[in-house]
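Here's the structure we're looking at; comments come further down.
In this note's numbering, the protein residues as written are 1245 to 1341.
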């Protein structure tokens, strides 16, 4: 859980950049980090909603930015593109930051 607290702190410090540069409206973490089950090699699952439509390049740019920020691979999932079979579980588990 200590690693999750670090993620929350980093996102709080970089929130303005995420909103201004990447047009992030809402960002949440789900998966192993939220459950406290992350391993050394675990990626961070991030659910994102944007203020406006974002290109694939914009999505990849944000994913790379977050990976660099956290020092861990990030799996970025746009809120409108959650796979139907995973949607209910993700929505219940996500912690918005």
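Even glycine gets a Cβ: it sits at the ideal position worked out from N, Cα and C.
Here the structure is a predicted model, which means the values were calculated and not measured.
For residue i, which option in the options has the closest C-alpha, if you only look at C-alpha atoms?
i: residue 1250; options: 1335, 1273 and 1262; result: 1273
i: residue 1284; options: 1332, 1315, 1325 and 1331; result: 1315
i: residue 1324; options: 1309, 1308, 1298 and 1311; result: 1298
Using 8 Å for Cβ pairs, my map puts residue i next to residue j. What's the rounded Cβ distance?
i: residue 1269; j: residue 1246; result: With 8 Å as the limit, residue 1269 and residue 1246 do not qualify as a contact, their Cβ atoms being about 28 Å apart.
i: residue 1306; j: residue 1266; result: 5 Å
i: residue 1262; j: residue 1254; result: No, residue 1262 and residue 1254 are not in contact; Cβ-Cβ is about 10 Å, not under 8 Å.
i: residue 1303; j: residue 1258; result: No, residue 1303 and residue 1258 are not in contact; Cβ-Cβ is about 17 Å, not under 8 Å.
Let's test the definition: count the other Cβ atoms within 10 Å of the Cβ of residue i and tell me whether it reaches 16, buried, or not, exposed.
i: residue 1329; result: exposed
i: residue 1282; result: buried
Can you find a C-beta in chain B that's less than 9 Å from the C-beta of residue i?
i: residue 1258; result: Checking the listed chains, one finds no chain B in this structure; it contains a single protein chain.
Three-pair Cβ contact test at 8 Å for the stretch 1282-1299 versus the stretch 1308-1321: yes
Every unbroken beta strand (DSSP E) inside the stretch 1270-1311 [3 residues or more]: 1288-1294
Three-pair Cβ contact test at 8 Å for the stretch 1277-1285 versus the stretch 1325-1341: yes
Ordered list of beta strand (DSSP E) runs contained in the stretch 1308-1340, each at least 3 residues: 1318-1322
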